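Visitor: Line by line, the protein sequences give chains A and B. Last residue of the first sequence: 284 (my numbering), numbering continuous. Last residue of the second sequence: 315 (my numbering), numbering continuous. Please see the structure below; I have some questions.
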Amino acid sequence: MQILSTPDSQSQLVETPSFLEIDGVSKIYSTPKGDNVVLDDISLTVNEGEFVCVIGHSGCGKSTLLDMVSGFREPTSGEVRLQGKRVTRPGPDRMVVFQNYSLLPWKTAYENVYLAVNSVYPEKSKAEKTEIVRTHLTMVGLDEAANKKPGQLSGGMKQRVSIARALAIYPQVLVLDEPFGALDAITKEELQEELLNIWRQHKVTVLMITHDIDEALFLADRIVMMTNGPAAKIGEIMKVPFDRPRNRTQLIEDPQYYTLRNQALDFLYGRFALTEGE
Amino acid sequence: MTTISPSARFRKSSPFSQKASNVAKSLIPIVICLTVALGIWQLLCLAPDSKMPGPLRVIAQTWTLILDPFYDNGGTDKGLGLQILISLQRVAFGYSLAAIAGISIGAFIGLNSFMRRGLDPIIQVLRTVPPLAWLPIALGIFQSSDPATIFVIFITAIWPILINTAVGVQQIPQDYNNVAKVLRLSGKEYFFSILMPSTVPYVFGGLRIGIGLAWLAIVAAEMLKAEGGIGFKIWDAYNAGNENSMSEIVICVLYVGLVGLALDRLVGWIGSRISSDH
C-alpha cells in the first residue's frame, strides 16, 4: 500500500512533479444571469499506477473534471499537469474510454483498435501494429469477435473493444467515464475484474467516474467523493486499504468493507443528499 | 409421427410456393390497377374525334418506333433508344460535375462555419431558381446548346447534393470527433475513417434527389434548345403535327418516366450498397 501514501513533503518539492496533478482547477461558465460555477478550486494529485475513482451525484461536475484531464475542456483557472507538463488538448497519452463506447460502426472490432494503434504509432511496421491489436483483443477475450462490427456486438463486448482500443496505444493515464453504467450486473462484474487484471499488467494510471459505490470499493486505491454542484468541490478522499489482488467474495465479508461503504453512503445520501428542488 | 410428416412435407414444398405467392402478392395489385387505368384511358379516348389517342392507338401508331429503337437516319432522325442515350450522356456529364462540385463544396462549408453562414443565403436563393431560368444565361455564356444544357443539369442537380453533404458533415456524431481528437488522427485518416463513412448516407440522399432533378431538367432544356435527345424528340414530334404525333409524344413521355425511375433506383441502390455497413 505504499503507493497510496503521498507524504505532504513530497508534493512540495518542485523539482519532482507528481505524476498527474489537478492544481486549483475551477470551471466557470458565463451566462447572462451571471457566472455558473461548475467546479470550484479542485486539487488532486494522482500517483503513477494508482487507480482513482471519482464518485458524486449527477451534475456535480465529475465529467467536467475528467474532461479537463483528457483535454476536451480547459479549466477557467488552475491547470492539469501530467508529469509536469500542462494539459492543453486531448491526446493519446490520456486515452479515454467513453461511456457510449464510441466505436466506429463501419469498422470491425479489429479495425477500430487498429485505427488507434496506427494513428499513435505510425512508425511501427504493419506486423508490429497487427500484433499489438491482436494481443489487446485477446486480453479482453475478443479473439473470435475481431472481425465483427460493433452492430453485431453486445454492450459488454463493445466496451471490451473500447478498452482494448484504449490500452493498445499504451496511454499514461486511462480515463474512464462511467464505463460500465449501461451494462447488466453480471457483465459489469466480469469487466471490472478484467479491468483490474489489465490495470495490473499494464501498470497504467486509472481515473474513473462511477455512480456505484461497490464498484469503486472493489476497484480503487482511493475514492474521490465530490460535493454537489454548483461549485462542486472534493468533499472527501477515501483510501481503500484492501490487499490486491482483490477477491469480491472475501471483500464483502470484510467488516471494514461495510464501514467504508457506510461512510460513502453517508457522504452521498446523508451529508450531500440531493434535496428536492435542487 | 402422423402429425410431423404432413408438416414436413408441407415445408419441403414451401420455399418455391412461398416465393411464387410472394411475387403474386406484389404483382396482382399492380396488374389490376394498371389494367383499370389503361381501361379508363381507352374509354376516355373512345370518341372518334378525340385529340388524345388511347393506349391501343398509341401502340399501333408507334409500333415501328418501339420495335426499332436504335435506327439512325442521320441528323436528328434517330430511334428513341438513341435519343434517350443522347439525353443520358448530357445528364451523365452535368450530373457528374454537379456531384464532384457539390460534394467538395458541401464538405467544405460543412466543416467551415464561417463559409457556411456566409454562403447560406446565396445557396438558398439560387437553389429555388427553376432549371429553365438558367438556360438563357447558359446559352448567353456558352453560345452553344450542348454545353448550355449540360450547365442547366449541373446547376439544377448541385444544390441538393451540396446541401445534403454539408448537413451530413455537420451531423458527424460528437463521439466520433472526440475519438479523432484524443487519437489525434491525421487529416487524411479523419477524412477516410470518420468524415466520409458517416457522411455517405446523407450524400446519397442528395445524389438521389439530384438525379431526379437532373432528369426533369434535361427533358425541359432539350425541348427548348438542343440537337437530339428525348426532350428534343418530344418537341420534334409535336412540331411535325402529323396524325402519329400525339402517339409518339405519349410513348416518349412514358420512356422518360421509366428512365427517370431507373436512374432513381440505380443511385438508391448504389447508396444502399455503400452504406450497408451502418
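From the three backbone atoms N, C-alpha and C, an ideal C-beta is built for every residue, glycine too. Values in this document were obtained by computation on a predicted structure and should not be read as measured data.
Please specify which runs of the beta strand (DSSP E), each continuous and at least 3 residues long, are wholly inside the stretch 105-183 of chain A, giving them in chain order.
Guide: As far as the stretch 105-183 of chain A is concerned, its whole beta strand (DSSP E) runs of at least 3 residues are 179-183.
Visitor: So for Phe57 (chain A), helix, strand or coil by DSSP?
Guide: Strand at Phe57 (chain A).
Visitor: Taking its Cβ as the centre, do 16 or more other Cβ atoms sit within 10 Å of Gln165 (chain A), making it buried, or is it exposed?
Guide: Per the 10 Å Cβ criterion, buried.
Visitor: Assuming Leu71 (chain A) is part of the alpha helix (DSSP H), what are its boundary residues?
Guide: Lys68 to Ser76 is the span of the alpha helix (DSSP H), which, as asked, contains Leu71 (chain A).
Visitor: Let me see if you follow: with CB-CB separation under 8 Å, is Met101 (chain A) close to chain B or not?
Guide: Yes, Met101 (chain A) counts as interfacial toward chain B.
Visitor: Does the stretch 219-230 of chain B come close enough to the stretch 173-184 of chain B that 3 or more CB-CB pairs lie under 8 Å?
Guide: Too few Cβ pairs lie closer than 8 Å, so no.
Visitor: Should Trp100 (chain B) be labelled buried (16 or more other beta-carbon atoms within 10 Å of its own) or exposed?
Guide: Flag for Trp100 (chain B) reads exposed.
Visitor: So what does DSSP say about Asp109 (chain B), is it helix, strand or coil?
Guide: Three-state DSSP puts Asp109 (chain B) in a strand.
Visitor: Could you give the first and the last residue of the continuous beta strand (DSSP E) run that contains Met88 (chain A)?
Guide: The residue asked about is misnamed: residue 88 (chain A) is Leu in this sequence, not Met. That run of the beta strand (DSSP E) goes Ser83 to Leu88.
Visitor: Can you give me, in chain order, the residues of the stretch 83-100 of chain A that have a beta carbon less than 7 Å from any beta carbon in chain B?
Guide: Against chain B - using a Cβ distance shorter than 7 Å - the residues of the stretch 83-100 of chain A are Pro96, Gly97 and Pro98.
Visitor: So Ala263 (chain B) and Ala194 (chain B) are in contact, right, with Cβ under 8 Å, and what is the actual spacing, rounded?
Guide: No, Ala263 (chain B) and Ala194 (chain B) are not in contact; Cβ-Cβ is about 17 Å, not under 8 Å.
Visitor: I'd like to know if Val246 (chain A) contacts chain B, where contact means its C-beta is closer than 8 Å to some C-beta of that chain.
Guide: No, Val246 (chain A) lies away from the interface with chain B (no Cβ there is under 8 Å from its Cβ).
Visitor: Roughly how many angstroms separate the alpha carbons of Asp301 (chain B) and Gly249 (chain B), rounded to a whole number?
Guide: Each residue's Cα considered, the two are about 6 Å apart.
Visitor: Could you compute how far the alpha carbon of Ile215 (chain A) sits from the alpha carbon of Glu129 (chain A)?
Guide: Cα to Cα, the separation comes out at about 33 Å.
Visitor: Mark Phe151 (chain B) as exposed unless 16 or more other C-beta atoms lie within 10 angstroms of its C-beta, in which case mark it buried.
Guide: Exposed.
Visitor: Can you tell me where the alpha helix (DSSP H) holding Tyr275 (chain B) begins and where it ends?
Guide: Run containing Tyr275 (chain B): Ile267 to Ala277, per the alpha helix (DSSP H) assignment.
Visitor: Indicate whether Thr94 (chain A) and Lys33 (chain A) have their beta-carbon atoms separated by less than 8 Å.
Guide: Taking 8 Å as the Cβ cut-off, Thr94 (chain A) and Lys33 (chain A) do not qualify as a contacting pair.
Visitor: Does the CB of Arg221 (chain B) have a neighbour CB from chain A at under 8 Å?
Guide: Answer yes: the Cβ-Cβ gap between Arg221 (chain B) and chain A drops below 8 Å somewhere.
Visitor: In whole angstroms, give me the CA-to-CA distance for Met38 (chain B) and Phe53 (chain B).
Guide: Confidence is the limiting factor: at Met38 (chain B) the pLDDT is only 39, short of 50, which leaves the residue's position unreliable, though a coordinate-based value still follows. Roughly 25 Å separates the two Cα atoms.
Visitor: Judging by CA-CA distance, which residue of A:Gly161, A:Phe186 and A:Tyr116 is the nearest neighbour of Lys154 (chain A)?
Guide: The shortest Cα separation from Lys154 (chain A) among A:Gly161, A:Phe186 and A:Tyr116 belongs to A:Tyr116.
Visitor: Taking C-alpha atoms, which residue in A:Leu110, A:Ala191, A:Met231 and A:Asp218 lies nearest to Asn215 (chain B)?
Guide: Nearest of A:Leu110, A:Ala191, A:Met231 and A:Asp218 to Asn215 (chain B), Cα basis: A:Leu110.
Visitor: Looking at the unbroken alpha helix (DSSP H) that takes in Arg254 (chain A), where does it start and where does it end?
Guide: Here the alpha helix (DSSP H) through Arg254 (chain A) covers Arg254 to Glu259.
Visitor: Output the boundary residues of the alpha helix (DSSP H) element that contains Asn215 (chain B).
Guide: That run of the alpha helix (DSSP H) goes Gln211 to Leu220.
Visitor: Give the interface partners of Ser124 (chain B) over in chain A, defined as CB-CB distance under 7 Å, in chain order.
Guide: Ordered by position in chain A, no residue passes the 7 Å Cβ test against Ser124 (chain B), which lies about 36 Å from the chain.
Visitor: Applying the criterion that 16 or more other CB atoms from any shown protein chain within 10 Å of the CB defines a buried residue, is Asp73 (chain A) buried or exposed?
Guide: Result: buried.
Visitor: Using beta carbons (cut-off 8 Å, strictly below), is Lys218 (chain B) in contact with chain A?
Guide: Yes, its Cβ sits closer than 8 Å to a Cβ of chain A.
Visitor: Quick check on DSSP: helix, strand or coil for Asn59 (chain B)?
Guide: Helix at Asn59 (chain B).
Visitor: Anything in chain B within Cβ reach of Leu344 (chain A), meaning under 9 Å, just list it in chain order.
Guide: Outside the shown range of chain A (7 to 284) lies residue 344 (chain A), about which nothing can therefore be said.
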